[in-house]
Each structure stands twice: as C-alpha cells, then as structure tokens.
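Taking numbering that gives the first Met the number 0, the leading residue of the sequence shown gets 0, the next gets one more, and so forth.
For reference, the structure is listed below as structure tokens.
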Amino acid sequence: MLRKKPKIKEVESFPSTLAGFGYYVKPDGSIRSIQSDTPYDFEYKLKDRPYNEARYEAFTKIIADMVVQKLEQLPLNMIKAPVPSNVTIGSSEPHTYILMTRDAMTTPDKLLVLIPGSQISIGQWSRRVMCDDNINEGSMITTCLKALEQGYQVIITNPNANYWFDHQSWTKRTGPKSIYIPQSDTPENHINHVFEHYIKPSAASDIVIMGQGWAGHLIEEQLNSNFDLFKKRVKAIALADSVHSRDMVEGDDKRVFLFEKVMNWMASVEEKKDAIIRDPRFGCTCISAGVEIADFTLPTSLNDMFKFLQGEFGDQTTEDEIVTDSFRQELEENELEDLNEFVTVVDRDSNVEI
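Listed below in structure tokens is the structure:
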C-alpha cells in the first residue's frame, strides 16, 4: 500500500532588523512602516495564525534588543547584574540578568524597583503598546527617564527569564535542550533572589515599587516573606491591573500596609478616568485608568503613579490629594464609610480588623 510522505514543515526565516521587516523607529518613538507610515500589521498572511505569530515573535525580539540597548546607553547608562548573583554575565553557566542604574546599590536616598507582568521581556511593559503606539511608552524607557528626573535610582527586574538555551536566557522554552535557570526558574524565585541579593543589600533608605499585572502577586509574596523590609524601607507601591488578592496577604498588619501604601490603576469599560473602582478583593485603593485595554493602563496612568509615589516623600502632590481631588464629587460620605469597612484600625493596643 502506497503512503503519502509526510510534509516536512519548513522552519520560517525572518529578517534580523526592523528595516528588513519594512519598519523604522520615528523620532517620537513610534514604530511605523517605511512604505505606509502605519503601525505593525499582525495579519501579514491571511488565515495563517502560526506564521503570523512566529513573525510577530521575531519582530518583537528585535524591539526587545533595541530596548535593552537604549536602557544601557546615555542618559540612562544602566548596567547588567547577574541572576544568580554569583555567576559572571556572559559565562557558560545558566543565568539571566537585571538592569540597574549605576548608583542603584549605593544611593542612600530613593530607589525605584520595576516589575513587569507575565511573559514580558526585560525593560518592557507591553509589546502591544511598543508596536502600536510608542517604543518608549511601551517599554520602561520613559518610566526610567521620569524616575531619574525625580531623583530615583532604578532596578529593573527580569522575572520571566526562566530558561537557558544556546548560551542565553529566554522567557519561553525554546527546545528540548532548554533548562531552567537556577534562582530564576520561576518569576517568584527570581524576585525573591533579587530582593535577597540586590534590594535588601542596597543602601537606599526609601524604596518604592512599580509593577504591572502578575507583578502584584510577586510583590504580595515578598510582603508576606519580607515584611520587616517593607515596614522600614518600602514607602509606596504603584500597580497597574494587578492580579494580587487581599485574601493572600498573611496577617492584619500586612493588610493594613496594603491598604495604606498601595494604589492600583485599572482598565475599565464602565468607569471614567480617575473614578474609584470599588472592589474589596484587592484591599487597596483602585482607580480607573480611563482605558478599556489593560496594555494601555500603565502608560496612560504613569504621571499619576509617579505623583502617588512622590507623595510618600512629601514631594509634589500627596496621596490624599490625588485621591480626594479626583473623587471629591463622586464619593459621598456613606461611600467613604463603606471604604473604611475594608480596613478598620482600632486602638493601637487592640487587634487590627480587616
């Protein structure tokens, strides 16, 4: 009986430069087609999603490399630090890296820690925003520039770099020979290692954290396991579309910290920008970013997030002003009473009720 020979699927080959794809970065940071001045077109081949996804991966890999290069160049001039911390970057031992400004470990003042969402490469907030809107806004470049302007040193974490293959780290398993990176085999272990070997030993007296999506869960774990650090040195946490849960925070004192020190900006179909979102699951103040797509929450809210962080140092607008001014017309007296039900601090010598 004759049998058809199975078709051998050809490995797709894609360009290695933006120009090869037919795109370039404009002076304003937007990535546009050389021919039509339009954003990246995902549907390059109609009804061929596997091909289009592979092409998109190759395209965004080029952008990812560009982002790291820009973070390492002036004016940011960031440097790489290894994870695990005892491995030499560029060696054959499995490892990944984080990025930090050159005085991040030695500044006695303010340190900003950036934690991305899931399946995101280092230095990025959203591939969609980078491709559709602006490489600087969708990455952490704009965030870091604002941070330096406001006197922060910065550490950029890399929790999704979990695999080692072909002498480099990857966010996805790239083949049967891929292995896990020690101390970075999961996002949780990566963040724990960074806290233990970089953030704790840093000289900064005042630490603030900014994160997106799954970062909320990672921060929540550190709040549970490193509460002494949070009490003494972490002044504020600004989140975008966080997935953390108040119920996963262990203990009344930690839940009070969550309520007092954390703000979560969220995408919302119904709520106007700056409207309060009443959702007790988070255990913190939640604010509408005025956008429907989560990828755009952080870029849209970045200025407000920095105002909140600065408010904890007595700079610019205070946290109370951010909330009160935005919501004064919306929050009636009874609504404020409802919010207080989430956290009620009784007497200093009494139990804390949540």
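Heads up, the beta-carbon is just placed ideally off N, CA and C, and yes, glycines get one too.
*asked:* Measuring straight from C-alpha to C-alpha, what distance separates Glu270 and Lys176?
replied: C-alpha separation (whole angstroms): 48 Å.
*Can you check whether the CB of Thr37 is closer than 8 Å to the CB of Cys130?*
The answer is no: Cβ separation not under 8 Å.
*In chain order, what residues of the same chain have a beta carbon less than 8 Å from the beta carbon of Lys171, not counting five sequence neighbours either side?*
Here the set comprises Gln118, Tyr162.
*Can you name the start and end residues of the beta strand (DSSP E) that Lys234 belongs to?*
In the DSSP assignment, Lys234 falls within the unbroken beta strand (DSSP E) covering 233-239.
*Who pairs with Lys79 in a beta bridge, going by DSSP?*
Leu98, per the DSSP bridge assignment.
*Roughly how many angstroms lie between the CA atoms of Gln34 and Pro14, to the nearest whole one?*
Near 17 Å, if we compare the C-alpha coordinates of Pro14 and Gln34.
*Check the DSSP bridge columns for Ile190 and list the partner residues they point to.*
Ile190 is not bridged to any residue.
*In the DSSP assignment, what residue or residues form a beta bridge with Val207?*
BP columns for Val207 point to Leu111, Ala235.
*Is it a yes or a no for the region 85-95 touching the region 134-145, going by three-plus beta-carbon pairs under 8 Å?*
Touching, no, given that fewer than three Cβ pairs across the two stretches are closer than 8 Å.
_Inter-stretch contact (C-beta, 8 Å, three-pair minimum) for the region 98-106 and the region 182-194_ = Contact between the region 98-106 and the region 182-194 is absent: fewer than 3 CB-CB pairs across the two stretches fall below 8 Å.
*asked:* With a threshold of 8 Å between beta carbons, is Leu144 in contact with chain D?
replied: Absent from the structure: chain D. Only one protein chain is present.
*Given Ala67, which residues of its chain have a CB within under 8 Å of its CB, disregarding the five upstream and five downstream residues?*
Looking at the sequence shown, residue 67 is not Ala but Val. Around Val67: Leu98, Ile121, Gly122.
_Residues near Glu11 in its chain [Cβ-Cβ closer than 7 Å; skip 5 each side]_ = Taking Glu11 as the centre and dropping the five residues before and after it, the same chain places the C-beta of Tyr50, Ala53 closer than 7 Å to its C-beta, in chain order.
*In three-state DSSP terms, what is Met265?*
DSSP places Met265 in strand when its eight states are reduced to three.
*Assign Cys283 to one of three DSSP states: helix, strand, or coil.*
Coil at Cys283, not helix or strand.
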